[in-house]
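Okay, structure first, notes after.
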Amino acid sequence: AQSVTQPDIHITVSEGASLELRCNYSYGATPYLFWYVQSPGQGLQLLLKYFSGDTLVQGIKGFEAEFKRSQSSFNLRKPSVHWSDAAEYFCALSSGTYKYIFGTGTRLKVLA
Amino acid sequence: DAMVIQNPRYQVTQFGKPVTLSCSQTLNHNVMYWYQQKSSQAPKLLFHYYDKDFNNEADTPDNFQSRRPNTSFCFLDIRSPGLGDAAMYLCATSSRSGSTDTQYFGPGTRLTVL
Chain A
44 AQSVTQPDIH ITVSEGASLE LRCNYSYGAT PYLFWYVQSP GQGLQLLLKY FSGDTLVQGI
104 KGFEAEFKRS QSSFNLRKPS VHWSDAAEYF CALSSGTYKY IFGTGTRLKV LA
Chain B
2 DAMVIQNPRY QVTQFGKPVT LSCSQTLNHN VMYWYQQKSS QAPKLLFHYY DKDFNNEADT
62 PDNFQSRRPN TSFCFLDIRS PGLGDAAMYL CATSSRSGST DTQYFGPGTR LTVL
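From first to last, the protein sequence lines are chains A and B.
Here the first sequence stands for residues 44 to 155, where the numbers follow the numbering used here.
Here the second sequence stands for residues 2 to 115, where the numbers follow the numbering used here.
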């Protein structure tokens with residue numbers, strides 16, 4: 044069965060510190076993977092996506108993610124977090140159809 | 002800028018009183034989606050339109066209906082809202098081409114049921 048797991052429900056980091064949000068997936072073939080960010084009371088904004096090719100994907104707002112097939116992971120990283128990055132982050136998988144499978148989300152808190 | 006627009010951003014209705022939420026897009030995408038998102042949960046797909054072809058998720062309650070009069074607009078109708086329907090409703094669009102879709106979301110409508 045297809046699934047997406049985000050093991051960390053909450054993460055707190057200090058401003059300026061590095062960030063890694065974990066995403067693990069279960070899928071029998073190469074999935075299409077996405078990271079979205081949702082600020083309070085807002086919709087989801089696409090940060091980056093992986094379809095094929097280079098396994099290190101660059102996104103907006105200084106984020107990047109690395110697809111690791113051997114670990115079934117697609118972790119999101121940022122070298123230096125800003126207070127404005129505080130939000131909820133969703134990892135999603137698509138098998139090539141219209142339907143996304145979302146993880147349960149990771150809520151990021153940034154300490155000044 | 003091309004975008005997905007949702008109106009209103011906040012909607013208050015009474016228990017059992019029909020309500021309609023609106024979504025429009027300037028992306029000229031052929032697929033439009035409606036999601037329900039409850040607090041601290043992932044979005045849950047209710048249905049989607051591929052052009053004029055309506056696709057309902059199996060577990061979407063009959064209380065939820067949708068209309069897509071043209072490419073740009075899509076509506077979500079809740080016929081008799083219950084307290085459990087209070088949520089954020091997200092509209093998304095995608096262009097069905099190639100091997101998969103990338104979905105672009107609107108800002109959402111927060112529905113309160115009194």
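Just so you know, even glycine gets a beta-carbon here, dropped at the ideal spot from N, CA and C.
Predicted, not measured: the structure shown is a model, and the values here were computed from it.
Flag this pair as yes or no: are the beta carbons of residue 37 of chain B and residue 47 of chain B separated by less than 7 Å? Position 36 of the second sequence, counted from the start, is the residue given in the question as residue 37 of chain B. Position 46 of the second sequence, counted from the start, is the residue given in the question as residue 47 of chain B. Going by C-beta atoms, residue 37 of chain B is nearer than 7 Å to residue 47 of chain B.
Interface partners of residue 32 of chain B on chain A, CB under 7 Å: The count along the second sequence starts at 1 and reaches residue 32 of chain B at position 31. Per Cβ cutoff of 7 Å: 141.
What residues from chain A crowd round residue 104 of chain B, counting only those whose CB sits closer than 7 Å? Looking up residue 104 of chain B in the second sequence gives position 103. Within chain A, the residues near residue 104 of chain B are 143.
Classify residue 144 of chain A: buried if its beta carbon has 16 or more other beta carbons within 10 angstroms, exposed otherwise. For the purposes of this step, residue 144 of chain A is identified with residue 101 of the first sequence, where counting begins at 1. It counts as buried.
Can you grab the Cα-Cα spacing for the pair residue 73 of chain B / residue 155 of chain A, in whole Å? The residue labelled residue 73 of chain B in the question sits at position 72 within the second sequence. The residue labelled residue 155 of chain A in the question sits at position 112 within the first sequence. In this structure, the CA atom of residue 73 of chain B is about 42 Å from the CA atom of residue 155 of chain A.
Quick one, which residues of the stretch 84–113 of chain A are near chain B if we go by CB-CB under 8 Å, in chain order? 84, 85, 86, 87, 88, 89, 92 and 94
Of all Cβ atoms in chain B, is any one closer than 7 Å to the Cβ of residue 73 of chain A? In the first sequence, the residue the question calls residue 73 of chain A occupies position 30. No, residue 73 of chain A does not count as interfacial toward chain B.
Nearest-angstrom Cα distance between residue 87 of chain B and residue 59 of chain A? Here residue 87 of chain B refers to the residue found at position 86 when the second sequence is read from its first residue. Here residue 59 of chain A refers to the residue found at position 16 when the first sequence is read from its first residue. Approximately 37 Å between the Cα atoms of the pair.
On the criterion of 16 or more Cβ atoms from any shown chain inside 10 Å, does residue 126 of chain A qualify as buried, or is it exposed? Translated into positions along the first sequence, residue 126 of chain A becomes position 83. Exposed: under 16 other Cβ atoms inside 10 Å.
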